[in-house]
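Participant:
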Amino acid sequence: MEMRQLRHFVAVATHGSFTAAARAELIVQSALSTSIRKLEQDLGADLFDRTGRRPVLTPAGEAFLPAARALLADATAAREAVAAVTGLETGRVAIGTFQTLTRVDLAAELAAFHLKWPGVQISVHEAPVGELVDRLLARELDLAYLAAAGPTVPDGLTAFGAWEEELVLVTPPGHRLAGDGRALFSDLTDEHFVDFRAGTGLEVAVRRLAASCGLDRHITCEVTQIRLLVELVRAGIGIAIVPRLVGERAGLPCLTIRQPEPARTTVLVGRTPQPTNPAAAALLDHLTS
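Under my numbering, the sequence shown is numbered contiguously, ending at residue 456.
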């Protein structure tokens, strides 16, 4: 049994498909499938039921998943101990982010960190907030940016920093509100909205905001990608509430929303007040300095 095989197994269980897992692991799907088949042969049991459209954990797979995650976490801890001795000449750090992160230029921050610590391998995982929390608690991530309704964080996690950003209304060019610059929630009663799939960080923030104002939105279209959302708004299917930078980058009319003025909080979190992984501690220091 190899760590690589365990990592591939956990990736499929986490992402829900061989295709998505192969993409996350940066290998071809056939190689990932072969790796998991070899693991199943070593264990003497099928870990996935492959008869449906998506692989489903078998009872053996369900039983093996916690142990596999623990073995990977222990291997990571061992590498971290060596990295601490070698002064970060080597090491690994895994950070999570959500799709509409705009308050932090993560690409620029990671590029600057890489220049300082070129021997550290950085893994970036983009996922819905709920999945990021689960992966943090499972020790699959060291740090993560979460979108939250406020500076509070889920139980078992520690906040290292919080940043607030404005949410604005974006409309198609030529929309009746496009030239106003500002809007009230009462102006939006008869409008059609484009929104993220229920449960994602931005959707939760917008839904809570609308409920607090008594706005019963008519959702015309739900999406999972921010690029598609802004293009649907541009095409005239509906309006949307997004971070200001998203609307400005898309070149859409951005209206300030009054009464109340909505905002979203981005929080950088980890499991402990000081990461035990030296590479994670160095990245945290970089991101918060």
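Backbone N, C-alpha and C fix where the C-beta goes; we use that ideal spot for every residue, glycine too. Bear in mind the structure is a predicted one, so any value in this text is a computation, not a measurement.
Is the separation between the beta-carbon of Leu268 and that of Thr433 shorter than 8 Å?
Facilitator: Contact: yes.
Participant: What residues are listed by DSSP as bridge partners for Trp330?
Facilitator: Thr433, per the DSSP bridge assignment.
Participant: Please work out which residues of its chain come closer than 6 Å, Cβ to Cβ, to Ala251, disregarding the five sequence neighbours upstream and downstream, and give them in chain order.
Facilitator: Contacts found: Pro445.
Participant: Which whole runs of the alpha helix (DSSP H) in the region 400 to 425 are 4 residues long or more, in chain order?
Facilitator: Entirely contained in the region 400 to 425, the alpha helix (DSSP H) runs reaching 4 residues are, in chain order, 411 to 417.
Participant: Among Leu310, Arg236, Val260, Leu308, which one has its Cα closest to the Cα of Val287?
Facilitator: The shortest C-alpha separation from Val287 is found at Val260.
Participant: Could you tell me the alpha carbon to alpha carbon distance between Gly414 and Glu333, rounded to whole angstroms?
Facilitator: Their backbone Cα atoms lie some 11 Å apart in a straight line.
Participant: State the start and end residues of the unbroken alpha helix (DSSP H) segment that holds Val195.
Facilitator: First-last for Val195: undefined, no H or E at that position.
Participant: Going by C-alpha to C-alpha distance, which of Gln266, Ala315, Gly297 sits closest to Leu396?
Facilitator: Per the Cα distances, Gln266.
Participant: To the nearest angstrom, how far is the alpha carbon of Leu399 from that of Leu193?
Facilitator: Distance between the alpha carbons of Leu399 and Leu193 is about 31 Å.
Participant: So the beta strand (DSSP E) Arg259 belongs to, where does it begin and stop?
Facilitator: Unbroken beta strand (DSSP E) run through Arg259: 258 to 264.
Participant: Val296 and Ala314: beta carbons closer than 8 Å?
Facilitator: Yes.
Participant: Would Phe360 and Ile386 qualify as a contact pair, given that the criterion is a beta-carbon distance under 8 Å?
Facilitator: Yes, they are a contact pair.
Participant: Taking the C-alpha atoms as reference points, what is the distance between Leu299 and Ala311?
Facilitator: Going from the Cα of Leu299 to the Cα of Ala311 covers about 7 Å.
Participant: Smallest Cα separation from Ala198: which of Leu224, Arg171, Ala237, Pro420?
Facilitator: The shortest Cα separation from Ala198 among Leu224, Arg171, Ala237, Pro420 belongs to Arg171.
Participant: Check for me: the beta strand (DSSP E) holding His385 runs from which residue to which?
Facilitator: Run containing His385: 385 to 390, per the beta strand (DSSP E) assignment.
Participant: If you draw a straight line from the C-alpha of Arg374 to the C-alpha of Ala279, how long is it?
Facilitator: In a straight line, the C-alpha of Arg374 is about 36 Å away from that of Ala279.
Participant: Which whole-angstrom value is the C-beta distance of Arg431 and Ala378, which I expect to be below 8 Å?
Facilitator: With 8 Å as the limit, Arg431 and Ala378 do not qualify as a contact, their Cβ atoms being about 15 Å apart.
Participant: Whose C-beta lies closer than 6 Å to the C-beta of His342 among residues of the same chain, with five residues either side of it excluded?
Facilitator: Correct list: empty, nothing qualifies.
Participant: Which whole-angstrom value describes the C-beta separation of Arg364 and Thr391, a residue pair presumed to lie in contact below a C-beta threshold of 8 Å?
Facilitator: Between Thr391 and Arg364 the Cβ distance is about 5 Å, and since that is below 8 Å, they are a contact.
Participant: Do you know whose CA, among Asp354, Asp452, Arg174, Val335, lies nearest Arg236's CA?
Facilitator: Measuring from the Cα of Arg236, the nearest candidate turns out to be Arg174.
Participant: Can you tell which of Ile289, Leu214, Ala447 has the C-alpha that lies nearest to the C-alpha of Phe185?
Facilitator: Checked all of Ile289, Leu214, Ala447; the closest Cα to Phe185 is Leu214.
Participant: Give the secondary structure of Ser290 by DSSP, where H, G and I count as helix, E and B as strand, and everything else as coil.
Facilitator: In this structure, Ser290 counts as strand in the three-state DSSP scheme.
Participant: Using the rule of at least 16 other Cβ atoms within 10 Å of the residue's Cβ for burial, across every protein chain shown, is Glu256 buried or exposed?
Facilitator: Per the 10 Å Cβ criterion, exposed.
Participant: Would DSSP call Leu382 helix, strand or coil?
Facilitator: In this structure, Leu382 counts as coil in the three-state DSSP scheme.
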